[in-house]
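Going by the working numbering, 317 is the number at position 310 of the sequence shown; the sequence numbering is gapless. Data first, discussion second: the structure below is written as structure tokens.
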Amino acid sequence: MNSWLPEAASEIAPKVDNVLVAATVISFIFFILISAALVLFAVKYRRKTANDKTPSITGNEPLEIIWTVVPSFILIAIFIHGLVVFNELRTPPKDAVEVNLVAKQWLWQFEYGNGKKTVNELYVQQNLPVKMIMRSDDVLHSFFIPAFRVKQDILPGRFTQLWFTPTKVGSFIIFCSEYCGAGHSQMLARVNVMSPEAFSRWEGKTAGDKSAVSTASSLPAHERGKKLYTNRGCNACHSIDGSSGIAPTFKGVFGRQEKLTDGSSVRADENYLVESIYEPQAKLVAGYQPVMPSFKGILSEDEVSAIIEYLKTLK
Ligand code: CUA
Numbered sequence: 008m009n010s011w012l013p014e015a016a017s018e019i020a021p022k023v024d025n026v027l028v029a030a031t032v033i034s035f036i037f038f039i040l041i042s043a044a045l046v047l048f049a050v051k052y053r054r055k056t057a058n059d060k061t062p063s064i065t066g067n068e069p070l071e072i073i074w075t076v077v078p079s080f081i082l083i084a085i086f087i088h089g090l091v092v093f094n095e096l097r098t099p100p101k102d103a104v105e106v107n108l109v110a111k112q113w114l115w116q117f118e119y120g121n122g123k124k125t126v127n128e129l130y131v132q133q134n135l136p137v138k139m140i141m142r143s144d145d146v147l148h149s150f151f152i153p154a155f156r157v158k159q160d161i162l163p164g165r166f167t168q169l170w171f172t173p174t175k176v177g178s179f180i181i182f183c184s185e186y187c188g189a190g191h192s193q194m195l196a197r198v199n200v201m202s203p204e205a206f207s208r209w210e211g212k213t214a215g216d217k218s219a220v221s222t223a224s225s226l227p228a229h230e231r232g233k234k235l236y237t238n239r240g241c242n243a244c245h246s247i248d249g250s251s252g253i254a255p256t257f258k259g260v261f262g263r264q265e266k267l268t269d270g271s272s273v274r275a276d277e278n279y280l281v282e283s284i285y286e287p288q289a290k291l292v293a294g295y296q297p298v299m300p301s302f303k304g305i306l307s308e309d310e311v312s313a314i315i316e317y318l319k320t321l322k
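Spelled out as structure tokens, the structure:
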């Protein structure tokens with residue numbers, strides 16, 4: 008019945024779907040009844056001869072009471088059904104695991120209880136309620152996980168929250184669902200739901216390591232860099248095909264002579280690239296806005312090296 012909806016992968020998802028389906032089914036039934044009556048009456052009571060006169064009907068009290076009272080009760084029932092689920096949706100359980108989220112143009116940065124940070128990849132445990140504490144670094148964003156049926160706006164200067172209990176192991180897409188500038192459509196992330204065993208392994212594996220994508224550490228550096236390029240959201244602004252929009256393209260960036268906003272120019276060598284990742288505003292390329300967030304504390308030295316290795320391959 009719900010095949011027209013995305014997969015339902017959180018505890019609340021089937022309940023939200025039930026509210027939607029119930030209201031849709033009731034609306035559909037009445038649409039059919041009313042449309043059928045309309046057609047039926049139009050045919051049955053149509054003017055058959057030129058002498059037909061409209062009968063004088065002054066009212067039918069019992070009928071009018073029924074068609075007022077019955078729909079009223081149906082509407083109240085729909086409201087209460089929605090309100091009960093809405094309350095649950097808005098009330099996180101006390102034992103929920105807290106994850107801090109900072110949204111910025113154009114990436115998601117998650118910070119866990121033990122100080123670990125990930126970008127554009129959220130890691131949670133199956134059947135464990137999670138409460139997201141969310142704020143924005145710049146403009147209005149909106150955190151939306153369709154499979155969990157949860158969505159909440161994130162505003163600058165204000166904390167908002169959202170909670171869910173993931174029920175299915177897997178990887179589900181996270182959208183930004185509030186237009187937040189040129190990179191909005193690229194502001195994507197994934198929530199990775201893991202079994203309790205896999206989750207504690209993930210926690211252990213990356214303990215003391217700020218990276219969550221270190222699983223790929225056996226790959227050559229430029230391959231790891233390529234993964235980081237998408238995992239960490241570089242791709243939202245930096246193209247690799249030579250097109251420049253929000254930020255300079257990565258195509259041929261290594262060794263390129265860049266003109267800076269202060270009129271001077273600099274060669275994009277390793278040192279410049281490291282600086283631009285950790286302190287993006289230090290030497291800004293002319294013609295671009297200072298919108299890039301610092302990746303200090305997000306990308307380790309090792310990861311930055313891997314990304315630079317990847318950039319070298321983009322001739
Ligand atoms: Cu952030 Cu749209």
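Cβ atoms here follow ideal geometry from the backbone N, Cα and C, with glycine treated the same way. Just so you know, these numbers come straight off a predicted model, no measurement behind them.
Three-state class that DSSP yields for residue i in the structure shown
i	result
T222	Any reading at T222 needs caution, since the residue's pLDDT is 47, under 50, leaving its predicted position unreliable; the model's value is listed next. If DSSP states are grouped into helix, strand and coil, T222 belongs with the helices.
F86	helix
K111	strand
K217	The predicted position of K217 is uncertain, since its pLDDT is 45 and thus under 50; a value taken from the coordinates is nonetheless stated next. DSSP places K217 in coil when its eight states are reduced to three.
F166	coil
I181	strand
S149	strand
S312	helix
N25	helix
V131	strand
L321	coil
K326	Any question about residue 326 goes unanswered here, given that the chain covers just 8 to 322.
I81	helix
Short CB-CB distance (under 8 Å) between residue i and chain C
i	result
F151	Looking at the structure shown, chain C is missing, and only one protein chain is on hand.
Residue i beta carbon near the ligand CUA (any heavy atom closer than 7 Å)
i	result
H191	yes
H148	yes
E210	no
A110	yes
W11	no
C241	no
W74	no
E185	yes
M139	no
M194	yes
W170	no
Short Cβ contact (8 Å threshold) for residue i with residue j
i	j	result
A333	W113	Nothing about residue 333 can be read from this structure; the chain reaches only from 8 to 322.
E128	R208	no
F151	K158	yes
E118	N107	yes
S307	T174	no
E265	I315	no
Beta-bridge pairing of residue i - partner residues as DSSP gives them
i	result
R274	Q264
P173	S17
M139	V106 and L169
N242	According to DSSP, N242 bridges with nothing at all.
N58	Paired residues: none, contrary to the question.
K290	K290 pairs with nothing; no bridge assigned.
Check: residue i C-beta below 7 Å from any heavy atom of the ligand FAD
i	result
V176	In the structure shown, the ligand FAD is absent; the only ligands present are the ligand CUA.
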